[in-house]
Amino acid sequence: MGQHTLTAKLNELQRQYGKMISFISLTDNHSLNQLESEITEAKRVYMKNRQCLSDKMLYSKSRASSEIAELYEHIDRKFQEVKDEVVCFHSRGKSDVEERILFAEYALDFAAISVYQALILSMEAIYADKKQVMEGEKIYEKENRK
Numbered sequence: 042m043g044q045h046t047l048t049a050k051l052n053e054l055q056r057q058y059g060k061m062i063s064f065i066s067l068t069d070n071h072s073l074n075q076l077e078s079e080i081t082e083a084k085r086v087y088m089k090n091r092q093c094l095s096d097k098m099l100y101s102k103s104r105a106s107s108e109i110a111e112l113y114e115h116i117d118r119k120f121q122e123v124k125d126e127v128v129c130f131h132s133r134g135k136s137d138v139e140e141r142i143l144f145a146e147y148a149l150d151f152a153a154i155s156v157y158q159a160l161i162l163s164m165e166a167i168y169a170d171k172k173q174v175m176e177g178e179k180i181y182e183k184e185n186r187k
């Protein structure tokens, strides 16, 4: 049961990842207006998804889920602070686009690490689920032999 849910989540992550790769590779052909429109849309989707996740966490029975949500909120706030500093720094003309590119590059590196962490958690959950089922079957077999 849990494996199907996790597979669906991973498939959705793969779909979103594919869209991101496609977008980045096609940006050379976009005008500034198109890029601005795409950025606005990406921000809208981000805020919508962030709010949906936040709402789900409010009703979660899992203590770990609420702790992860709290941690993510802290990381997101810090991320926005650093992003604002980078943008402010640029607006004063004290740096160039390279700083933004490096910031984006590191954000992608951290996203990749987060994806691997989610994959490992998923694999461990599937393992635990299968192990529990197998142990349940062993108990059932022992009870039926008596």
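Take 42 as the starting number for the sequence shown in my numbering and just add one per residue. For glycine and all other residues, C-beta sits at the position ideal for the given N, C-alpha and C. Just so it is clear, the structure is predicted and the values come from calculations on it, not from any experiment.
Distance CB(residue i)-CB(residue j) smaller than 8 Å
i, j, result
"L51", "S163", "yes"
"H71", "E82", "no"
"S101", "S95", "no"
Distance between beta carbons of residue j and residue i, contact taken as under 8 Å
i, j, result
"V127", "E140", "6 Å"
"D170", "G59", "So it is not a contact: roughly 28 Å between Cβ atoms."
"A166", "L54", "At roughly 15 Å, the Cβ-Cβ gap does not stay under 8 Å, so A166 and L54 are not in contact."
Endpoints, the alpha helix (DSSP H) within which residue i is located
i, result
"N70", "Note, N70: premise wrong, no alpha helix (DSSP H); not H, not E."
Reduced DSSP category for residue i - H, G, I as helix; E, B as strand; rest coil
i, result
"D117", "helix"
"Y100", "coil"
"D170", "helix"
"D137", "coil"
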